[in-house]
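Presented below is the structure to which this report refers.
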Amino acid sequence: MEAVFSRSVQIFTPTCTHVRGMATLKDIRIRLKSVTNIQKITKSMKMVSAAKYARAERELRPARPYGKGTQSFYDRAEVTQDDSKPNHLIVSMTSDRGLCGGIHSNVVKAIKAEIAEKKPGVNFKIVCIGDKTKLVLQRLFNQNMFYSFNNVGKTPPTFADASFIAKTIMESGYKYDFGTMYFNVFKSVVSYNTTAQPIFSEESVATAEKLTLYDSIDEDVLKSYNEFALASLVYYGLKEGACSEQSSRMTAMEGASKNAGEMIDKLQMTYNRTRQAVITRELIEIISGAAAL
Amino acid sequence: MSVLRHLTRTNGLLAKVTREISKRSYADMSFTFSSPGNAYYQNANVKQVDVPSLSGSFGILPEHVPSLAVLKPGVVTVFEEDGSVKKYFVSGGNITINDDSSVQVLAEEAHPVDRLDAQAIRDGLAKSQQELNSATTELAKAQAQISFECYEALSKALE
Chain A
1 MEAVFSRSVQ
11 IFTPTCTHVR
21 GMATLKDIRI
31 RLKSVTNIQK
41 ITKSMKMVSA
51 AKYARAEREL
61 RPARPYGKGT
71 QSFYDRAEVT
81 QDDSKPNHLI
91 VSMTSDRGLC
101 GGIHSNVVKA
111 IKAEIAEKKP
121 GVNFKIVCIG
131 DKTKLVLQRL
141 FNQNMFYSFN
151 NVGKTPPTFA
161 DASFIAKTIM
171 ESGYKYDFGT
181 MYFNVFKSVV
191 SYNTTAQPIF
201 SEESVATAEK
211 LTLYDSIDED
221 VLKSYNEFAL
231 ASLVYYGLKE
241 GACSEQSSRM
251 TAMEGASKNA
261 GEMIDKLQMT
271 YNRTRQAVIT
281 RELIEIISGA
291 AAL
Chain B
294 MSVLRHLTRT
304 NGLLAKVTRE
314 ISKRSYADMS
324 FTFSSPGNAY
334 YQNANVKQVD
344 VPSLSGSFGI
354 LPEHVPSLAV
364 LKPGVVTVFE
374 EDGSVKKYFV
384 SGGNITINDD
394 SSVQVLAEEA
404 HPVDRLDAQA
414 IRDGLAKSQQ
424 ELNSATTELA
434 KAQAQISFEC
444 YEALSKALE
């Protein structure tokens, strides 16, 4: 901006106050007003996200046992799944809304990396929870889209939502051998981890190493157990994802407000200098005009 | 030692007897009981848990045989270490007992029994009875049946 100012002193156009190539007072004023408005919006978004984050974090605490408990069963029973089997299922779990940092793109990146590593002859289907990832995945893997859920992220997720998603996957009749769920695990206010949680099919559980240790299991019990386990995992993913999203949006909006504040300071300086330059120029014109008489 | 473990594996009820025979210290059960709204216990040490499952109600003590079970509407009774007994009504869910004696009871919905409203239960029971009688499709009948059983369990829990 200093270079512009020095240019305005050297270039003399007596009649008009507009110099091509330099922002006029009016332009700077318009820009200043618009950036101030944006800063107000990002500040209010940050406060709304902070409130939603507080609630999401509180609700995450009872939801963690659903994920950890189910996973600990899979660990103790040594359930594994074979990724060379033909049918794969990928569940991508984020939300509908943007302006939340890298939440959606990190999940899509992880999914793309997994798909690139898949062996040939494997066909996979994608279940998309949240519109933001649906757009990207639809463009890249059009034939593999299976189901997509929207209206995610407006209200805190409930167990009913999770069981609806689990029910849809089960009732679709798609017999998958290898399943993974990609979501963001909340680590702290400023960080989250994009994680791949294995979703074991009924067959994988039934052929688990240590399942014979478990007493009195018949087919019905195993089926019901698996259905509830899927709903639990989906619920856990939804809750962690919601918490990560709100904290990430809070951080992103705070960064945006700070940047907008810096822009406002710089623009204000430019505005003042430009204003002073205009006044100085007018004075010089008047004086030189009067001296010519 | 291996004989004792073999016994516990074959019959969970023997777990209590073998514990009395052996001179080991009291085994611990890492108990997690959670509902979506509230995590009542997280890796807590409790003495015994009675759960209502589809294959019948049973009690879980430390060193129980690993097992999986499905919860049916009923009361989960927790006998805590200090001797107090807490009751929670659950609407359904999962029970996992792992071989390291950790027990997870994940409920779809769980509330302490003293928070149940008797009048609301009576009204709900009458309404679900009506729905069951007037249900036409298979799906509606199954849903009404589930709701009726749940209300029955609720009213039994209050007794």
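Each protein sequence line maps, in turn, to chains A and B.
Position one of the first sequence corresponds to residue 1 (the numbering used here), numbered consecutively onward.
Position one of the second sequence corresponds to residue 294 (the numbering used here), numbered consecutively onward.
C-beta atoms are modelled at their ideal positions from N, C-alpha and C, and glycine is treated no differently.
Since residue i is in the beta strand (DSSP E), which residue starts that stretch and which ends it?
i        : result
Ser72/A  : Element bounds for Ser72/A: not the beta strand (DSSP E) but the alpha helix (DSSP H), 25-76.
Phe200/A : Segment: none, Phe200/A is in no beta strand (DSSP E) and carries neither H nor E.
Ala229/A : Taken as a continuous stretch (DSSP letters only), Ala229/A belongs to no beta strand (DSSP E), being part of the alpha helix (DSSP H) at 219-292.
Thr370/B : 367-373
Asn184/A : 178-188
Gln397/B : 395-400
Leu361/B : 360-364
Asn387/B : 386-390
Asn87/A  : 87-93
Ser350/B : 349-353
Ala403/B : 403-405
Val378/B : 378-383
Thr325/B : 323-327
Tyr147/A : 145-149
Could you tell me how far apart the beta carbons of residue i and residue j are, in whole angstroms, since I believe they sit closer than 8 Å?
i        : j        : result
Tyr225/A : Asn87/A  : Tyr225/A to Asn87/A, Cβ: 21 Å. No contact.
Met145/A : Gly237/A : Their Cβ separation, rounded to whole angstroms, is 19 Å, which puts Met145/A and Gly237/A out of contact at 8 Å.
Val396/B : Met322/B : 6 Å
Ile30/A  : Leu267/A : Actually they are not in contact, since the Cβ atoms of Ile30/A and Leu267/A sit about 10 Å apart, beyond 8 Å.
Ser244/A : Tyr174/A : Their Cβ separation, rounded to whole angstroms, is 28 Å, which puts Ser244/A and Tyr174/A out of contact at 8 Å.
Leu361/B : Ile414/B : In fact, because the Cβ distance is near 30 Å, the residues do not count as touching under 8 Å.
Ala437/B : Ser421/B : 6 Å
Met47/A  : Leu99/A  : Incorrect: roughly 14 Å between the Cβ atoms, too far for contact.
Ser448/B : Ala400/B : The Cβ separation is near 19 Å, so there is no contact.
Phe186/A : Ser247/A : 7 Å
Ile264/A : Leu32/A  : 7 Å
Quick one: give me the first and last residue of the alpha helix (DSSP H) that residue i is part of.
i        : result
Lys449/B : 431-450
Asn106/A : 103-116
Ala411/B : 411-427
Lys340/B : Per DSSP, Lys340/B belongs to no alpha helix (DSSP H); it is in the beta strand (DSSP E), 332-346.
Gln138/A : 131-140
Ser167/A : A quick correction: the sequence has Lys, not Ser, at residue 167/A. Counting along the chain, the alpha helix (DSSP H) containing Lys167/A begins and ends at 159-171.
Are there 16 or more other CB atoms within 10 angstroms of the CB of residue i, so buried, or fewer, so exposed?
i        : result
Leu354/B : buried
Thr80/A  : exposed
Glu209/A : exposed
Ile90/A  : buried
Arg249/A : buried
Gln276/A : exposed
Ala3/A   : The pLDDT assigned to Ala3/A is 45, lower than 50, so where the model puts this residue is not dependable; a value taken from the coordinates is nonetheless given after this. So Ala3/A ends up on the exposed side.
Glu240/A : buried
Ala290/A : exposed
Ser350/B : exposed
Pro120/A : exposed
Ser377/B : exposed
Asp161/A : buried
Lys316/B : At Lys316/B the pLDDT is 37, less than 50, meaning the model places this residue with poor confidence; the figure from the coordinates comes in the next sentence. By the 10 Å Cβ count, Lys316/B comes out exposed.
Ile287/A : exposed
Ser318/B : Confidence is the limiting factor: at Ser318/B the pLDDT is only 42, short of 50, which leaves the residue's position unreliable and the question unanswerable from this model.
Glu356/B : buried
Asn426/B : exposed
Val205/A : buried
Gln143/A : exposed
Lys52/A  : buried
Leu230/A : buried
Any heavy atom of the ligand ADP inside 6 Å of the beta-carbon of residue i?
i        : result
Ala196/A : Inclusion of the ligand ADP in the displayed structure is not the case, the ligand content being empty and no account of it being possible.
inquiry  = If contact is defined by three or more beta carbon pairs under 8 Å, each pair taking one atom from either stretch, is the region 338-355 of chain B in contact with the region 364-383 of chain B?
reply    = yes
query = Is the region 50-59 of chain A touching the region 82-97 of chain A, taking contact as three or more C-beta pairs under 8 Å?
reply = no
query = Counting Cβ pairs, one atom from each stretch, are 3 or more of them under 8 Å apart for the region 65-73 of chain A and the region 388-398 of chain B?
reply = yes
task = Determine contact between the region 379-386 of chain B and the region 401-411 of chain B, defined as no fewer than three beta-carbon pairs at a distance below 8 Å.
result = yes
ask   = Does the region 238-258 of chain A touch the region 36-43 of chain A, meaning 3 or more C-beta pairs lie closer than 8 Å?
value = yes
ask   = For the region 159-178 of chain A against the region 124-133 of chain A, are there 3 or more C-beta pairs whose distance is under 8 Å?
value = yes
key: Given 8 Å, three or more beta-carbon pairs between the region 262-272 of chain A and the region 228-243 of chain A   = no
task = Would you check if the region 255-264 of chain A and the region 135-152 of chain A touch, i.e. whether three or more CB-CB distances between them fall below 8 Å?
result = no
query = Can at least three beta-carbon pairs, one atom from the region 131-139 of chain A and one from the region 101-111 of chain A, be found at a separation below 8 Å?
reply = yes
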